Amino acid sequence: MVAALRLAAVAWDSPTAVSASRLGRERASLCAAARPGGQCCARRGLVLRCQSGGGAAATAATLKKGEAADAAGFTVVMKFGGSSVSSAARMREMADLILSFPEERPVVVLSAMGKTTNNLLLVPPLFSIFRSPKFDFFGRAECAWLRDCAGRREGGELRRPQGVGNQRARCHQGAPSQVRIDFVILPSPVACKSGLSVPWFALLRTIDELGLDSSIVSGFLDELEQLLKGVAMMKELTLRTRDYLVSFGECMSTRIFAAYLNKLGKKARQYDAFDLGFITTDDFTNADILEATYPAVAKRLHGDWIDDPAIPVVTGFLGKGWKSCAVTTLGRGGSDLTATTIGKALGLREIQVWKDVDGVLTCDPNIYANAVPVPYLTFDEAAELAYFGAQVLHPQSMRPAREGGIPVRVKNSYNRHAPGTVITKTRDMRKSILTSIVLKSNITMLDIVSTRMLGQYGFLAKVFSIFEDLGISVDSVATSEVSISLTLDPSKLWSRELIQQELDNVVEELEKIAVVHLLQHRSIISLIGNVQRSSLILEKAFNVLRRNGVNVQMISQGASKVNISLVVNDSEAKQCVQALHSAFFENGFLSEVEEADLAQNRVPVLVSSNGAINGN
Ligand SMILES: Nc1ncnc2c1ncn2[C@@H]1O[C@H](COP(=O)(O)OP(=O)(O)O)[C@@H](O)[C@H]1O
Ligand SMILES: N[C@@H](CC(=O)OP(=O)(O)O)C(=O)O
């Protein structure tokens, strides 16, 4: 397996930009030259072409910090999330932002525009409805409409074909799923009742407004339509097909942005991550990046730059399964991970992730508007924060940055002069108590009390082996000798679409050795902070919760020691976060503690990222 991976790392044959018209041909050659040694080379497509033949051993090792940057001229990764590139105006601003740092030589990583990924995931059920016998007429009308929009521009505006409104009315009369039908057959191509837009309308408008040629994406749109028809016909959307489907978002946004940079006279080259060298596990929708990725990416970007310098514009979120050779995705928000992987592969000075907020905040601004930016974080704090539900960073994204020792800067693309958050291996924790509060809702909790059929070791081991056998991951755990309380992440259950059945199985298995209480609609509130101050954090937190009449149902402090998790009822959770935020961040609590420390002549502890004590 190791040998196969090493070969796969260098066996990429990947022209820098694949014209849409080539895609059909590429797909036709699918895996025809199937891999005698297991190595493969990805091209766009539901099934990907594999390359036969030996291939040289990996020549490029992951480059040490600074080495590659010097040789290839790259200094930073600049990753722009969907919110930063949601329209033509935003793309213009991002191009301007990149060019406003002439001293930098960036590798650009882009997500899909706006909510494209969500919207793409919404389309297959719609197509299924339209292609069902009952709505066949509308199905055909819809396909014609899409073709019409893709192919035609009139006075700079996309026009829906005649009669769509009528069809909508008819549809309303007979449709059992009116809401869904509303969504697709909308009065205007870019807006609809639900507030969502069908992805490619916004995309075509963007191309138009940037003065680019729609041929950049027309091949993709044809392919997308074929794919959707296929899904509707098969009445099946596997995880593998889902990944392929959503990959269109990043493949198109990067092509548009690279074309726009080129139009501005700034030479850019588009890369699909699955062609660039991103090799992953075959866990569709949640793939892990394999080690072979680093040398492959470094070699390719480096080589291309030497041959013909151009700003690389890379698709975030995507990879290639090392066994299947199919397009994989890195989990929602995975473009952050793409960025840090490239940062580590090239040994860059800094990784910048540009968002729509002023950095990592003291809590989710959607829960509490008084949230303020956190200026510094350690990789451990950021990872814990992401893992426990802060949507701002992908949970795995800190790993490559930590391994490569490369600072990550979270910046606001809408407010570029705001300092943002700098994430590094260690930071001065002397004044730090609580850093951020994270809420993860809709958690399932299990209280498992031994019936003493097994000894202590046997009990714990058996409980965890049941979870392992059923492939369910556990988030937080609190144990005593004969009981365990633990929480399960709903997304990990939902992603496998077996929610209730799986829970029933777990409970049934556990009941063979324990009394089990299944508690749903719970939330985990994670207090990310300085573990050296955990007593102070807990004292303050419990005072606040008591005053608010909230009962904590489980407490857990992870081994990383930057996180204390409290489980409360879903219904109380938001109010708890707001109250905790006010108490810790808004009422001079920090100054009070500092004064108390000074009065007691206590020298605060200097702590590194993982809680190791450096001084006392
Ligand atoms: N602690 C937090 N700090 C900052 N943003 C947060 C936090 N928790 C949740 N968020 C949400 O994360 C969003 C940014 O992440 P994301 O949508 O993935 O950005 P992008 O798509 O630009 O990469 C913010 O708009 C905010 O609503
Ligand atoms: N487009 C993907 C990947 C991503 O990273 O997006 P964003 O950077 O906008 O969170 C998603 O929506 O999950």
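The opening position of the sequence shown corresponds to residue 1 in full-length UniProt numbering, with each subsequent residue numbered one higher.
Where is the CB? At the ideal position from N, CA and C, for every residue including glycine.
Please read all numbers here as calculations on a predicted model, not as lab measurements.
Using a threshold of 7 Å, is the CB atom of residue i nearer than that to any non-hydrogen atom of ligand 2?
i	result
Ser-335	yes
Gly-249	yes
Phe-278	no
Gly-319	no
Thr-238	no
Gly-343	no
Thr-117	yes
Gly-420	no
Gly-529	no
Gly-471	no
Gly-265	no
Gly-316	yes
Can you tell me the Cα-Cα spacing of residue i and residue j, whole angstroms?
i	j	result
Glu-250	Glu-381	29 Å
Ala-268	Lys-235	40 Å
Met-113	Ala-89	12 Å
Val-374	Val-360	6 Å
Leu-348	Ser-218	35 Å
Gly-316	Leu-536	41 Å
His-394	Ala-292	21 Å
Val-313	Thr-254	6 Å
Ser-84	Tyr-457	51 Å
Val-76	Gln-501	47 Å
Asp-213	Gly-82	22 Å
Asn-366	Gly-333	17 Å
His-517	Glu-508	11 Å
Met-91	Phe-274	23 Å
Arg-300	Ile-98	22 Å
Val-567	Gly-389	14 Å
Thr-116	Phe-201	10 Å
Gln-396	Tyr-387	8 Å
Ala-42	Cys-325	Because Ala-42 carries a pLDDT of 38, less than 50, the predicted location of this residue cannot be relied on, and the following value inherits that uncertainty. So the two alpha carbons sit approximately 6 Å from each other.
Gly-549	Ser-565	18 Å
Lys-425	Ser-534	21 Å
Ser-450	Val-506	15 Å
Thr-285	Tyr-376	31 Å
Glu-572	Val-392	23 Å
Asn-412	Leu-510	47 Å
Gln-226	Glu-209	27 Å
Leu-519	Leu-446	6 Å
Lys-512	Pro-106	57 Å
Val-372	Lys-323	44 Å
Ser-485	Arg-452	16 Å
So that I know if they touch, is there some Cβ in chain B lying closer than 8 Å to that of residue i?
i	result
Ala-382	Going by chain labels, chain B is absent from the structure shown, which holds only one protein chain.
Span of the beta strand (DSSP E) holding residue i?
i	result
Ala-323	Per the sequence shown, the amino acid found at residue 323 is Lys instead of Ala. Here Lys-323 belongs to no beta strand (DSSP E), and DSSP marks it neither H nor E.
His-521	514-529
Met-94	Counting along the chain, Met-94 falls outside any beta strand (DSSP E), though it belongs to the alpha helix (DSSP H) covering 88-99.
Ser-480	Taken as a continuous stretch (DSSP letters only), Ser-480 belongs to no beta strand (DSSP E), as it is neither H nor E.
Phe-80	76-80
Gln-557	554-557
Val-108	106-110
Can you name the start and end residues of the alpha helix (DSSP H) that residue i belongs to?
i	result
Met-233	215-234
Arg-577	The residue asked about is misnamed: residue 577 is Val in this sequence, not Arg. From DSSP, the alpha helix (DSSP H) with Val-577 extends over 570-581.
Met-398	398-404
Ser-534	534-547
Tyr-376	Element bounds for Tyr-376: not the alpha helix (DSSP H) but the beta strand (DSSP E), 376-378.
Any heavy atom of ligand 1 within less than 6 Å of residue CB: hits in chain order: What you get when you keep residues with a C-beta closer than 6 Å to any heavy atom of ligand 1 is Gly-81, Gly-82, Ser-83, Ser-84, Ser-111, Gly-333, Lys-355, Asp-356, Val-357, Val-360, Leu-361, Cys-363, Asp-364, Pro-365, Asn-366, Ala-390, Gln-391, Val-392, Ser-436.
Can you list the alpha helix (DSSP H) stretches of 4 or more residues lying completely in the segment 242-312, in chain order? Segments of the alpha helix (DSSP H) lying fully in the segment 242-312: 273-276, 293-307.
Could I get the ranges of all uninterrupted alpha helix (DSSP H) runs contained in the segment 325-361, with 4 residues as the minimum, in chain order? The segment 325-361 contains these whole alpha helix (DSSP H) runs: 335-346.
Enumerated in chain order, which unbroken segments of the alpha helix (DSSP H) with a length of 4 residues or greater are wholly contained in the segment 397-452? Note on the segment 397-452: whole alpha helix (DSSP H) runs with a minimum of 4 residues are 398-404, in chain order.
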